[in-house]
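The structure appears below as structure tokens.
Number of protein chains: 2
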Amino acid sequence: MPTHLRSPLAPKTGLKVYPVHGVRLATQATGLRYKGRDDFLLAVFAEGTSVAGVFTLSLASAAPVRWCRKILGQGRARALLVNAGNANAATGKPGEALAVQSARAVAAALKTSPSQVYLASTGIIGQPLPKNALAHFVPGAVKKLSNKPSSAPWQKAGCAIMTTDTFPKVVSRHAKIGGKTVTITGLAKGSGMIAPNMATLLAFMFTDAAIPAPVLQTLLKSGVAGSFNAITVDSDTSTNDTLLAFATGAVAHAKISSATDAKLRDFTRVFQEVLVELAQLVVRDGEGAQKFITIDVTGALNDKAAHNIAMAIANSPLVKTALAASDANWGRILAAAARSGEKMNQDRFKVSMGGIPICHDGGLLKNYNEAPVARHLKGREITLVFDAGVGKGKARVWTCDLTHGYIEINAGYRS
Amino acid sequence: MPTHLRSPLAPKTGLKVYPVHGVRLATQATGLRYKGRDDFLLAVFAEGTSVAGVFTLSLASAAPVRWCRKILGQGRARALLVNAGNANAATGKPGEALAVQSARAVAAALKTSPSQVYLASTGIIGQPLPKNALAHFVPGAVKKLSNKPSSAPWQKAGCAIMTTDTFPKVVSRHAKIGGKTVTITGLAKGSGMIAPNMATLLAFMFTDAAIPAPVLQTLLKSGVAGSFNAITVDSDTSTNDTLLAFATGAVAHAKISSATDAKLRDFTRVFQEVLVELAQLVVRDGEGAQKFITIDVTGALNDKAAHNIAMAIANSPLVKTALAASDANWGRILAAAARSGEKMNQDRFKVSMGGIPICHDGGLLKNYNEAPVARHLKGREITLVFDAGVGKGKARVWTCDLTHGYIEINAGYRS
Numbered sequence: 000m001p002t003h004l005r006s007p008l009a010p011k012t013g014l015k016v017y018p019v020h021g022v023r024l025a026t027q028a029t030g031l032r033y034k035g036r037d038d039f040l041l042a043v044f045a046e047g048t049s050v051a052g053v054f055t056l057s058l059a060s061a062a063p064v065r066w067c068r069k070i071l072g073q074g075r076a077r078a079l080l081v082n083a084g085n086a087n088a089a090t091g092k093p094g095e096a097l098a099v100q101s102a103r104a105v106a107a108a109l110k111t112s113p114s115q116v117y118l119a120s121t122g123i124i125g126q127p128l129p130k131n132a133l134a135h136f137v138p139g140a141v142k143k144l145s146n147k148p149s150s151a152p153w154q155k156a157g158c159a160i161m162t163t164d165t166f167p168k169v170v171s172r173h174a175k176i177g178g179k180t181v182t183i184t185g186l187a188k189g190s191g192m193i194a195p196n197m198a199t200l201l202a203f204m205f206t207d208a209a210i211p212a213p214v215l216q217t218l219l220k221s222g223v224a225g226s227f228n229a230i231t232v233d234s235d236t237s238t239n240d241t242l243l244a245f246a247t248g249a250v251a252h253a254k255i256s257s258a259t260d261a262k263l264r265d266f267t268r269v270f271q272e273v274l275v276e277l278a279q280l281v282v283r284d285g286e287g288a289q290k291f292i293t294i295d296v297t298g299a300l301n302d303k304a305a306h307n308i309a310m311a312i313a314n315s316p317l318v319k320t321a322l323a324a325s326d327a328n329w330g331r332i333l334a335a336a337a338r339s340g341e342k343m344n345q346d347r348f349k350v351s352m353g354g355i356p357i358c359h360d361g362g363l364l365k366n367y368n369e370a371p372v373a374r375h376l377k378g379r380e381i382t383l384v385f386d387a388g389v390g391k392g393k394a395r396v397w398t399c400d401l402t403h404g405y406i407e408i409n410a411g412y413r414s
Numbered sequence: 000m001p002t003h004l005r006s007p008l009a010p011k012t013g014l015k016v017y018p019v020h021g022v023r024l025a026t027q028a029t030g031l032r033y034k035g036r037d038d039f040l041l042a043v044f045a046e047g048t049s050v051a052g053v054f055t056l057s058l059a060s061a062a063p064v065r066w067c068r069k070i071l072g073q074g075r076a077r078a079l080l081v082n083a084g085n086a087n088a089a090t091g092k093p094g095e096a097l098a099v100q101s102a103r104a105v106a107a108a109l110k111t112s113p114s115q116v117y118l119a120s121t122g123i124i125g126q127p128l129p130k131n132a133l134a135h136f137v138p139g140a141v142k143k144l145s146n147k148p149s150s151a152p153w154q155k156a157g158c159a160i161m162t163t164d165t166f167p168k169v170v171s172r173h174a175k176i177g178g179k180t181v182t183i184t185g186l187a188k189g190s191g192m193i194a195p196n197m198a199t200l201l202a203f204m205f206t207d208a209a210i211p212a213p214v215l216q217t218l219l220k221s222g223v224a225g226s227f228n229a230i231t232v233d234s235d236t237s238t239n240d241t242l243l244a245f246a247t248g249a250v251a252h253a254k255i256s257s258a259t260d261a262k263l264r265d266f267t268r269v270f271q272e273v274l275v276e277l278a279q280l281v282v283r284d285g286e287g288a289q290k291f292i293t294i295d296v297t298g299a300l301n302d303k304a305a306h307n308i309a310m311a312i313a314n315s316p317l318v319k320t321a322l323a324a325s326d327a328n329w330g331r332i333l334a335a336a337a338r339s340g341e342k343m344n345q346d347r348f349k350v351s352m353g354g355i356p357i358c359h360d361g362g363l364l365k366n367y368n369e370a371p372v373a374r375h376l377k378g379r380e381i382t383l384v385f386d387a388g389v390g391k392g393k394a395r396v397w398t399c400d401l402t403h404g405y406i407e408i409n410a411g412y413r414s
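In the order they appear, the protein sequences are chains A and B.
For reference, each letter of the first sequence is one residue, going 0 to 414 in numbering that gives the first Met the number 0.
For reference, each letter of the second sequence is one residue, going 0 to 414 in numbering that gives the first Met the number 0.
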């Protein structure tokens, strides 16, 4: 396992983290895959915590994903157990048994039902873990659970769930519900195998607001479209993509019973902000990423078509290698858009980068000067707009460039 | 433009090339993009030559592609003009005018109709060419046309259509039609932006058999599925993908009027062989390729599903980087298959590499020993089989690994 330098796109300063009332955390080092670092996170929730989740659409979902899907209907959570380094995916019946065993170990230690214990795993696919590999560490973790609200355990939690990530991803905000302040803190991990489809690698949202499970599920489902489903690093969807939200209800605020409740407006906005920022952090830590790229597609037949065009551009290795080299090769952007299968007008499309128009009506602008575009592309934050010239559909997605770093990381991942 | 080393997957010995009766060739150096090398090919056909073609499904097809589509219905060809280095794509109305002008120049020199002059371009997208850029070189090329059947002009033709290719791709075979020997010689170019959809970059088939245009079109359409549509280098479909077939009829053999004519059986088989071999050569020259990978998918719901699963595996950057590193990371193969959207049984799938079973029934084989698999993966020619465990559908595709070479070539393409 190579150690990678911190991504140049990582936030420059430590992010402020607000602890969430009703959540206690503990991290541990299992040594199962990594040496000398925490790779095991236990989060314990106040009684009555509600939960919502969205998961990978991969047809080979991992054992912990299948476990979460099974228990999600009950809407209650007392704990979340996450391990990094081994995805417990494609591990067959022994993998399923390991998941059940892990949930039971947590339930026994907390005197609750296994159906309130959520599991998530990330790491290598297809490597069986030894029996009790995770359950073994549960009693120790329970003893270490944080008792006072403090940001330190949250930072450690962000680190414990990393695999090839080069920095922890924690985003924290306050929101108001009916005059009361609540906290929303999210954790995410992910760096490669990022092309979420209804969910992403691992991301967890925690709030001390009192949001009933069905309302939380609605917020999560509608929030994921413009956040984790709008990013891609390498077009590979994982077997373990999991996004869970937990609401402890530790803050006593006016009762919420519907996602359209006006009192929930600020919370919904901030919840979405945290989702978007977490998703962007995943891209900023994309394997080998040197540039953060925002792609806007306009003028498509509808928003879905715009999203598909944007994703075709974002997933094009030729676009990504050109941008890595600060090369304003807009022909590759056009080619990628044109193979999306979505309608476009090849005599009316437009391309701009860094806000500078490059081409329209099927070709280069007269007197086009590449110098300012080249200057923009030399930066770390790239914006590009593609207008399909056929309608009013629009979409925004985020991706990163494709560099030697990606190859290095992924050619050496198992070694 | 960097100069790249010959692909390690290139054929070790020069391929034997049989000239095709009724085809005369000339190559030239225009200096439009490359210095000191031929980048312009003119092929002139005997009167009565029939033609068939399939083209990119990109919605932004290049001017020469649109030109060919327009004239193809007439089924007759007297010439083919190919230039390398500039795709004449996304060049708007001036690009279309340039195409018409080029066809007219060839028609004038040969005293034929422009609607019998086929055009193909490959190279950078979106860079306008100066007026007369290609027409200017037509009279000189006509003077240089080869008169005697010889293999040398065919080798030169293979070189003149290259862009980032590191070796020319010429495949030549004999076939029998009703006791008479005919020749089929194919040329292809392509190295990046390879994920053909109904056609590939540029490939040309020439035969001296007398095959009516509709029959030739049937052969080409059915042949492309298992050849150029079964390869991928980087999942990017080009704006210029063109596959044309020309039959000069210079050999007097029994008349053919249907693609199902029994007399055509040998020809059809050899025609398909040439298509497959050309397609494989394109993969063997995939940008940065170090390994040639054959992917077989079995046990899918149907053949189309199998093809989609195979392409999902072949296009996965995580699979391609793992294989570049000779890493038997079958979990990535499973993850790629599982995100194809095609049905699979995650408790019954199988994976093998180099003919060695690795996993079945949702997990690793008992007593699995990675050593022989690792030895296979260290070679240049990799085979892998994924069985989806749900049906009898099967498909085969070819791809290459993803290496630093790909990044180097594509981050520097325009410089």
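Cβ coordinates follow ideal geometry from the N, Cα and C atoms, glycine included.
Nothing here was measured: the structure is a model prediction, and the numbers come from that model.
Closer than 8 Å, CB to CB, is isoleucine 467 of chain B near chain A or not? The requested residue 467 of chain B does not occur in the structure, where chain B is confined to residues 0 to 414.
Here's the rule I'm using: 16 or more other beta-carbon atoms within 10 Å means buried, otherwise exposed. How should histidine 252 of chain A be labelled? Counting Cβ neighbours within 10 Å, histidine 252 of chain A comes out buried, since at least 16 surround it.
Take threonine 402 of chain A as the anchor and find which of B:Trp397, B:Asn409, B:Gln271 and B:Asp400 has the nearest alpha-carbon. B:Asn409
By a C-beta neighbour count over all protein chains shown, 10 Å radius and 16 as the cutoff for buried, is leucine 472 of chain B buried or exposed? Here chain B comprises residues numbered 0 to 414, so residue 472 of chain B is not present and cannot be evaluated.
Checking the sheet assignment: what are the DSSP bridge partners for histidine 306 of chain B? DSSP lists no partner for histidine 306 of chain B.
C-alpha gap between leucine 200 of chain A and asparagine 314 of chain A, whole angstroms: 17 Å
Ordered list of beta strand (DSSP E) runs contained in the region 26-109 of chain A, each at least 3 residues: The qualifying runs are 39-44, 49-54 and 78-85.
Can you tell me whether glutamate 380 of chain A is buried or exposed, with buried defined as 16 or more other CB within 10 angstroms of its CB? Glutamate 380 of chain A is exposed by the Cβ-count criterion.
Going along the chain, which residues of the region 284-307 of chain B sit with their C-beta nearer than 8 Å to a C-beta in chain A? none
Secondary structure of threonine 12 of chain A, DSSP reduced to three states: coil
By Cβ distance, which residues of its chain are closer than 6 Å to leucine 274 of chain B, with the 5 residues on each side in sequence left out? Gly222 and Ser226
Methionine 0 of chain B versus tyrosine 33 of chain B - alpha carbon distance: Here the model assigns methionine 0 of chain B a pLDDT of 36, short of 50, so the residue's position is not dependable, and the following value carries that caveat. Their Cα atoms are separated by approximately 8 Å.
Endpoints, alpha helix (DSSP H) assigned at serine 421 of chain B: The shown model of chain B, from 0 to 414, leaves out residue 421 of chain B, and the question about it has no answer.
Any C-beta of chain B under 8 Å from that of glutamine 345 of chain A: yes
Measure the C-alpha to C-alpha separation of cysteine 67 of chain A and aspartate 346 of chain B and round it to an integer number of angstroms. 18 Å
Determine the extent of the beta strand (DSSP E) in which phenylalanine 291 of chain B is found, giving its start and end residues. Its beta strand (DSSP E) spans residues 291-299.
Residues of chain B with a CB under 8 Å from the CB of serine 234 of chain A: which are they? Ser234, Asn314, Ser315 and Pro316
In whole angstroms, what is the alpha-carbon distance linking phenylalanine 136 of chain A and threonine 29 of chain A? Distance between the alpha carbons of phenylalanine 136 of chain A and threonine 29 of chain A is about 7 Å.
Using the Cα positions of leucine 56 of chain A and threonine 398 of chain A, report the straight-line distance between them to the nearest angstrom. 20 Å
Are any of the Cβ atoms in chain C nearer than 8 Å to that of threonine 90 of chain B? Reference to chain C is not applicable here, since the protein chains of this structure are A and B.
Helix, strand or coil: which one does DSSP assign to leucine 128 of chain A? coil
Please compile the residues from chain B whose C-beta is within a distance smaller than 9 Å of the C-beta of aspartate 360 of chain A. Gly91 and Lys92
Quick check: serine 120 of chain B and asparagine 87 of chain B, are their CB atoms within less than 8 Å of each other? yes
Taking CB distances under 8 Å as the criterion, tell me whether threonine 199 of chain A reaches chain B. Residue placement at threonine 199 of chain A cannot be trusted, given a pLDDT of 45 that sits under 50; the coordinates are not used to answer.
By Cβ distance, which residues of its chain are closer than 7 Å to cysteine 358 of chain B, with the 5 residues on each side in sequence left out? Trp329, Lys349, Val350 and Leu364
Straight-line gap, aspartate 326 of chain B to valine 396 of chain B (C-alpha atoms, nearest Å): 20 Å
Inter-stretch contact (C-beta, 8 Å, three-pair minimum) for the region 124-143 of chain A and the region 90-108 of chain A: Flag = yes, the region 124-143 of chain A and the region 90-108 of chain A touch.
Quick check: the Cα distance between lysine 342 of chain A and alanine 89 of chain B, rounded to an integer number of angstroms? Between lysine 342 of chain A and alanine 89 of chain B, the alpha-carbon positions lie close to 16 Å from each other.
Own chain, CB closer than 6 Å to serine 414 of chain A, minus 5 neighbours either side, in chain order: Here serine 414 of chain A scores only 41 on pLDDT, less than 50, and its place in the model should not be relied on; the value that follows carries that caveat. Annotation for serine 414 of chain A: no residue places its beta carbon closer than 6 Å to its own, counting only its chain and skipping 5 residues before and after.
Going by C-alpha distance, which of A:Asp207, A:Asp302 and A:Lys175 is nearest proline 148 of chain A? A:Asp207
In or out: arginine 73 of chain A buried (at least 16 other Cβ within 10 Å) or exposed? What sits at residue 73 of chain A in the sequence shown is glutamine, not arginine. Counting Cβ neighbours within 10 Å, glutamine 73 of chain A comes out exposed, since fewer than 16 surround it.
With a CB to CB cut of under 8 Å and the five nearest residues on each side skipped, what residues in its chain are close to lysine 15 of chain B? Ser150 and Ser171
With 16 other CB atoms within 10 Å as the buried threshold, where does threonine 12 of chain B fall? exposed
Determine the direct distance from the alpha carbon of valine 64 of chain A to that of glycine 52 of chain A, and round the result to whole angstroms. 10 Å
Locate the beta strand (DSSP E) running through glycine 185 of chain B, then write down its first and last residues. 179-188
Need the endpoints of the beta strand (DSSP E) that arginine 268 of chain A sits in, please. Unbroken run through arginine 268 of chain A is the alpha helix (DSSP H), 264-283; no beta strand (DSSP E).
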